[in-house]
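**Student:** Pasting a structure here, questions to come.
2 protein chains.
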Amino acid sequence: MALSEFQLIEKYFAGATPSRSDVALGIGDDAAVLDIAAGCQLVLSIDCSLGDVHFPLNANAEDIGYRCLAVNLSDLAAMGAEPCWITLSLTLPENNAHWLAGFSRGLAQLANQYQVALVGGDTTKGPLAIAIQAHGQVDKNSYMTRAGAKPGDKIFVSGSLGDAAAGLALYQQNKAHYNEDESALIQRYLRPSARVGLGLALTELASSCIDISDGLLADLGHITKASNCGAKVNVDSLPLSGSLRSQATAEQQQLWALSGGDDYELCFTLSAENCCAVEQLAGNLALPLQCIGEITTGQQIECYRQDGSLYPIKKMGYQHF
Amino acid sequence: MALSEFQLIEKYFAGATPSRSDVALGIGDDAAVLDIAAGCQLVLSIDCSLGDVHFPLNANAEDIGYRCLAVNLSDLAAMGAEPCWITLSLTLPENNAHWLAGFSRGLAQLANQYQVALVGGDTTKGPLAIAIQAHGQVDKNSYMTRAGAKPGDKIFVSGSLGDAAAGLALYQQNKAHYNEDESALIQRYLRPSARVGLGLALTELASSCIDISDGLLADLGHITKASNCGAKVNVDSLPLSGSLRSQATAEQQQLWALSGGDDYELCFTLSAENCCAVEQLAGNLALPLQCIGEITTGQQIECYRQDGSLYPIKKMGYQHF
Chain A
2 MALSEFQLIE
12 KYFAGATPSR
22 SDVALGIGDD
32 AAVLDIAAGC
42 QLVLSIDCSL
52 GDVHFPLNAN
62 AEDIGYRCLA
72 VNLSDLAAMG
82 AEPCWITLSL
92 TLPENNAHWL
102 AGFSRGLAQL
112 ANQYQVALVG
122 GDTTKGPLAI
132 AIQAHGQVDK
142 NSYMTRAGAK
152 PGDKIFVSGS
162 LGDAAAGLAL
172 YQQNKAHYNE
182 DESALIQRYL
192 RPSARVGLGL
202 ALTELASSCI
212 DISDGLLADL
222 GHITKASNCG
232 AKVNVDSLPL
242 SGSLRSQATA
252 EQQQLWALSG
262 GDDYELCFTL
272 SAENCCAVEQ
282 LAGNLALPLQ
292 CIGEITTGQQ
302 IECYRQDGSL
312 YPIKKMGYQH
322 F
Chain B
2 MALSEFQLIE
12 KYFAGATPSR
22 SDVALGIGDD
32 AAVLDIAAGC
42 QLVLSIDCSL
52 GDVHFPLNAN
62 AEDIGYRCLA
72 VNLSDLAAMG
82 AEPCWITLSL
92 TLPENNAHWL
102 AGFSRGLAQL
112 ANQYQVALVG
122 GDTTKGPLAI
132 AIQAHGQVDK
142 NSYMTRAGAK
152 PGDKIFVSGS
162 LGDAAAGLAL
172 YQQNKAHYNE
182 DESALIQRYL
192 RPSARVGLGL
202 ALTELASSCI
212 DISDGLLADL
222 GHITKASNCG
232 AKVNVDSLPL
242 SGSLRSQATA
252 EQQQLWALSG
262 GDDYELCFTL
272 SAENCCAVEQ
282 LAGNLALPLQ
292 CIGEITTGQQ
302 IECYRQDGSL
312 YPIKKMGYQH
322 F
């Protein structure tokens, strides 16, 4: 029997994510009603993921659910917001119980990790598309933006870069067997980490912040444009994982790290006096934080090697159109 | 030249809708930041409209922009919320400047009417799909829900019913010329009125409220289910416009009014003592408010004619899957 929109949402999603006392009214009415904490601002971001564009159509539903939410929580992390609530607009070619149960499970895994409640949704019949809006809170005026970087600020990135792009390339090979490094890279593509804890910690330190979705150079370019400055990047300092180093040529590794996208690490800038706090922060979070360059007075982003020679930029990053 | 996601949003949407002092950060960063008024709760609703499902693919972009926003504001109206901010996730088959300019213009017309600001968005390449999330505010705990109707409460609807369904049927005939009544009905489909003012006024009066999107019987069914009650509807009291009466048979008119959907009028219930306020409210708003039946103790919705005979229900309303 076909389920109506209302029943679909109730059956697969109601109760799947944590309940929160600040949800006055959740799934099931014309709209949700939420209590914003006193002294806080609301932070919100909407992102749509399409089958075959943002994830492979043959990916399993659980990974898709996880990934779509991670991408959204990453936007909130870049603002330094605490994630609280999400809404989901799901367009599906058919009412597939197995797919829906898997998708809901993957989404709920990550939602439970951060105590994020699904408070509303909408389902439609059509080509697979998943729009999630994530909502978070920040103490008033403590959010980070892309603007605010100043010449002399150091540029940092979290974790390692290029893994997701390498993982996607491997995944698309559709091999019968993947070794341990290959599997690790594929996991980095399918289940990116939203750096929520890092974002919260950076609100008191960083002069600017963005998450790396389109590729380091493209996203750093959003910071330099919004901050009206330039940047120089030392490509030999880019954090590359052991798994990535086991793949392809050194040149390909750097290309993935610079322009591959999908890493969902944070790229942020720190003034000289705040740089000293980085080591302890990395230790507290058990997350590498690597200085990869410096903000400059120019308008350009330039890449250098360790020996000071210019590194030509081949590709900025993902273009949506 | 192809525009990137960021440029697309900036070019066609930044500045198109009103600016509001409670938008701390709008379009252009990883997320938007909003100030919620003291003593207010946040009300939010997401809705996705697909080409060929929710609107005809050959509809002009301006009408599509208007309609997609109206559908969302209608959800907020049903809660009694004041609309404030929207986000937009737009999936387009191509970067079509003419279409985007028209869509933005139609959306902005309605946004300006209610001082609603577009604060964030996302564009993707794919089959035409438009997800809008609307955000509003209500005084704490003054929102309306589908629950709360009680046996003996009178059932009211605003405006007239069935116009949009008749309008869609006419639109699909693709005639070279439409007469005045036909054009009026088509406009009711393409540019529904979100009953924002009525919703705000009802927060102090109504025991339950919903907007009529799937059809009167289907949506009234959501009220009776959430309120754990039944309803009886007098089909001869349904408000039918002069334009609708000029079309088709009386039976077809009633079928459209009962099950057609897309009217985006409000259906609400009032206790006996609050019914006396309706006439003045209708006068203040210059909007007909018609009593069409009564909440009962049963679990069923039953339809009657004026002479007391049972009216068989042929179709409840739109099924999403």
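Just so you know, the protein sequences line up as chains A and B, in that order.
Start counting at 1 in the first sequence, then tack on 1, and there's your number in the working numbering.
Start counting at 1 in the second sequence, then tack on 1, and there's your number in the working numbering.
Note that CB positions come from ideal geometry on N, CA and C, so glycine has one too.
Got a sec, what are the start and stop residues for the beta strand (DSSP E) Y305(B) sits in?
**Tutor:** Here residue 305(B) refers to the residue found at position 304 when the second sequence is read from its first residue. Unbroken beta strand (DSSP E) run through Y305(B): 302-305.
**Student:** Curious, which full-length beta strand (DSSP E) runs of at least 3 residues does the segment 7-91 of chain B contain?
**Tutor:** Within the segment 7-91 of chain B, the complete beta strand (DSSP E) runs of at least 3 residues are 24-26, 33-35, 41-51.
**Student:** So, does the CB of K233(A) fall closer than 8 Å to a CB anywhere in chain B?
**Tutor:** Translated into the one-based positions of the first sequence, residue 233(A) becomes position 232. No, K233(A) does not count as interfacial toward chain B.
**Student:** By the criterion of Cβ-Cβ separation under 7 Å, what are the contact partners of C49(B) in chain A?
**Tutor:** Counting from 1 along the second sequence, the entry for residue 49(B) is found at position 48. Those within 7 Å of C49(B) in chain A are S90, T92, D123, T125, A132.
**Student:** Are Y172(B) and P57(B) touching if we call contact CB-CB under 8 Å?
**Tutor:** Translated into the one-based positions of the second sequence, residue 172(B) becomes position 171. Translated into the one-based positions of the second sequence, residue 57(B) becomes position 56. Yes, the pair counts as a contact, with Cβ atoms nearer than the cut-off.
**Student:** Do the segment 9-28 of chain B and the segment 101-121 of chain B meet, that is, are 3 or more Cβ pairs less than 8 Å apart?
**Tutor:** The segment 9-28 of chain B is in contact with the segment 101-121 of chain B.
**Student:** Give the residues of chain A in contact with T146(B), contact being defined as C-beta atoms less than 7 Å apart.
**Tutor:** One-based indexing of the second sequence puts residue 146(B) at position 145. Simply L26, D30.
**Student:** Taking a cut of 9 Å between CB atoms, which residues from the segment 236-256 of chain B lie near chain A?
**Tutor:** From the segment 236-256 of chain B, no residue has a Cβ closer than 9 Å to chain A.
**Student:** Let me know the secondary structure DSSP gives L4(A) once reduced to three states.
**Tutor:** By 1-based counting over the first sequence, the position of residue 4(A) is 3. Its pLDDT being 48, under 50, L4(A) is placed unreliably by the model, and the measurement read from it follows with that caveat. L4(A): coil per DSSP, three-state reduction.
**Student:** Of the residues Q300(B), Y265(B), A287(B), which one's Cα is nearest the Cα of D150(B)?
**Tutor:** Against the second sequence, residue 150(B) aligns to sequence position 149. For clarity, residue 150(B) is Ala in the given sequence; the question names Asp instead. It is Q300(B) whose Cα lies nearest to the Cα of A150(B).
**Student:** By DSSP, does G309(A) sit in helix, in strand, or in coil?
**Tutor:** Locating residue 309(A) in the first sequence gives position 308, counting from the first residue. Residue state, collapsed to three classes: coil.
**Student:** For S310(A), is the classification buried or exposed, using 16 other Cβ atoms within 10 angstroms of its Cβ as the cut-off for buried?
**Tutor:** Locating residue 310(A) in the first sequence gives position 309, counting from the first residue. Exposed, because fewer than 16 other Cβ atoms sit within 10 Å of the Cβ of S310(A).
**Student:** Please report the residue range of the beta strand (DSSP E) in which C276(A) lies.
**Tutor:** Numbered from its first residue, the first sequence carries residue 276(A) at position 275. No beta strand (DSSP E) holds C276(A); the alpha helix (DSSP H) holding it covers 273-276.
**Student:** Would you kindly work out how many angstroms separate the C-alpha atoms of L9(B) and T124(B), rounded to a whole number?
**Tutor:** In the second sequence, residue 9(B) corresponds to position 8, counting from 1. In the second sequence, residue 124(B) corresponds to position 123, counting from 1. Each residue's alpha carbon lies about 8 Å from the other.
**Student:** Please report the Cβ distance between S75(A) and Y265(A), rounded to the nearest whole angstrom; I am assuming they are in contact, meaning their Cβ atoms lie under 8 Å.
**Tutor:** Sequence index remark: in the first sequence, residue 75(A) carries index 74 (1-based). Sequence index remark: in the first sequence, residue 265(A) carries index 264 (1-based). Indeed they touch by this definition, with Cβ atoms about 4 Å apart.
**Student:** Given S209(B), which residues of its chain have a CB within under 7 Å of its CB, disregarding the five upstream and five downstream residues?
**Tutor:** Translated into positions along the second sequence, residue 209(B) becomes position 208. Hits under 7 Å: M145, T146, R147, A148, G149, A150, I224, S228, F269, T270.
**Student:** Take L206(A) and list the residues in its own chain whose beta-carbon comes closer than 7 Å to its own, dropping the five residues that flank it on each side.
**Tutor:** Here residue 206(A) corresponds to residue number 205 of the first sequence, with the count starting at 1. Result list for L206(A): L271, N275, A278, in chain order.
**Student:** Quick check on A326(A): does DSSP put it in helix, strand or coil?
**Tutor:** Since the first and last residues shown for chain A are 2 and 322, residue 326(A) lies out of range.
**Student:** CB I47(B) to CB G121(A), shorter than 8 Å?
**Tutor:** Here the question's residue 47(B) lines up with position 46 in the second sequence. Here the question's residue 121(A) lines up with position 120 in the first sequence. Closer than 8 Å, so yes.
**Student:** In chain A, which residues lie with their C-beta within 9 Å of the C-beta of S194(B)?
**Tutor:** In the second sequence, residue 194(B) corresponds to position 193, counting from 1. By Cβ distance, chain A contributes nothing, its closest Cβ being about 16 Å from S194(B), past 9 Å.
**Student:** For a contact meaning CB atoms closer than 7 Å, what does Q42(A) contact in chain B?
**Tutor:** Numbered from 1 along the first sequence, position 41 holds the residue referred to as residue 42(A). Going along chain B in sequence order, the residues near Q42(A) (Cβ under 7 Å) are A25, V34, L35, D36.
**Student:** Can you give, in chain order, each stretch of the alpha helix (DSSP H) that sits fully within the segment 163-210 of chain B and has at least 4 residues?
**Tutor:** Complete alpha helix (DSSP H) runs here, min 4: 164-173, 181-191, 197-203.
**Student:** Can you find a C-beta in chain B that's less than 8 Å from the C-beta of S46(A)?
**Tutor:** As a position in the first sequence, residue 46(A) is number 45, starting the count at 1. So, interface residue.
**Student:** Name the DSSP beta bridge partners of E295(B), please?
**Tutor:** The residue you call residue 295(B) lines up with position 294 of the second sequence. Paired residues: K155(B), K233(B).
**Student:** When the distance is taken between beta carbons, is G16(B) closer than 8 Å to V54(A)?
**Tutor:** Locating residue 54(A) in the first sequence gives position 53, where the first residue counts as 1. Locating residue 16(B) in the second sequence gives position 15, where the first residue counts as 1. Contact: no.
**Student:** Work out the CA separation of G198(B) and Q281(B) for me, nearest whole Å.
**Tutor:** Start at 1 with the first residue of the second sequence, and residue 281(B) comes out as number 280. Start at 1 with the first residue of the second sequence, and residue 198(B) comes out as number 197. Distance between the alpha carbons of Q281(B) and G198(B) is about 14 Å.
**Student:** Show which residues of chain B have a CB atom less than 8 Å away from the CB atom of D212(A).
**Tutor:** Numbered from 1 along the first sequence, position 211 holds the residue referred to as residue 212(A). Those are D31, listed as they occur along chain B.
**Student:** For Q134(A), write down the residues that DSSP places opposite it in a beta bridge.
**Tutor:** As a first step, residue 134(A) is located in the first sequence; it is residue number 133 there, counting from the start. DSSP, once it has assigned bridges, lists I47(A), T88(A) as partnering Q134(A).
**Student:** Could you spell out the range, first to last residue, of the alpha helix (DSSP H) harbouring N285(B)?
**Tutor:** Looking up residue 285(B) in the second sequence gives position 284. Per DSSP, N285(B) belongs to the alpha helix (DSSP H) from 279-286.
**Student:** Establish whether the CB of A98(A) and some CB of chain D are separated by less than 8 Å.
**Tutor:** The structure shown has no chain D; the protein chains it does contain are A and B.
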